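K.L.:
Numbering (my numbering), first residue to last: 6 to 57.
1) Taking a contact to mean a Cβ-Cβ separation below 9 Å, would you say residue 12 touches residue 20 in this structure?
2) Rounding to the nearest angstrom, what Cα-Cα distance links residue 50 and residue 28 in this structure?
3) Hey, how far is the Cα of residue 26 from the Cα of residue 46?
4) Secondary structure at residue 11, three-state DSSP: helix, strand or coil?
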């Protein structure tokens with residue numbers, strides 16, 4: 006039946022909260038990885054400047 010597949014308002018609120026939490030975790034991971042990449046690029050550029 007269709008009634009079994011309908012979500013209640015509470016279900017949607019829980020889903021929204023879960024998605025927000027997951028997105029926040031992904032954002033933190035991306036920031037950490039980008040920070041690491043920037044550090045590596047700075048070291049590489051500094052090394053190239055020294056060599057050239």
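In this text, a Cβ means the ideal position worked out from N, Cα and C, and glycines have one as well.
Source: prediction; values computed, not measured.
P.N.:
This is what the structure gives:
1) Residue numbering aside, residue 12 sits at position 7 when the chain shown is read from its first letter. Residue numbering aside, residue 20 sits at position 15 when the chain shown is read from its first letter. Yes, these two residues count as a Cβ contact at 9 Å.
2) As a first step, residue 50 is located in the chain shown; it is residue number 45 there, counting from the start. As a first step, residue 28 is located in the chain shown; it is residue number 23 there, counting from the start. Straight-line Cα distance between these residues: approximately 32 Å.
3) Reading the chain shown from its first residue, position 21 is the one you call residue 26. Reading the chain shown from its first residue, position 41 is the one you call residue 46. Straight-line Cα distance between these residues: approximately 30 Å.
4) Here residue 11 is taken as the residue at index 6 of the chain shown, counted from 1. Coil at residue 11, not helix or strand.
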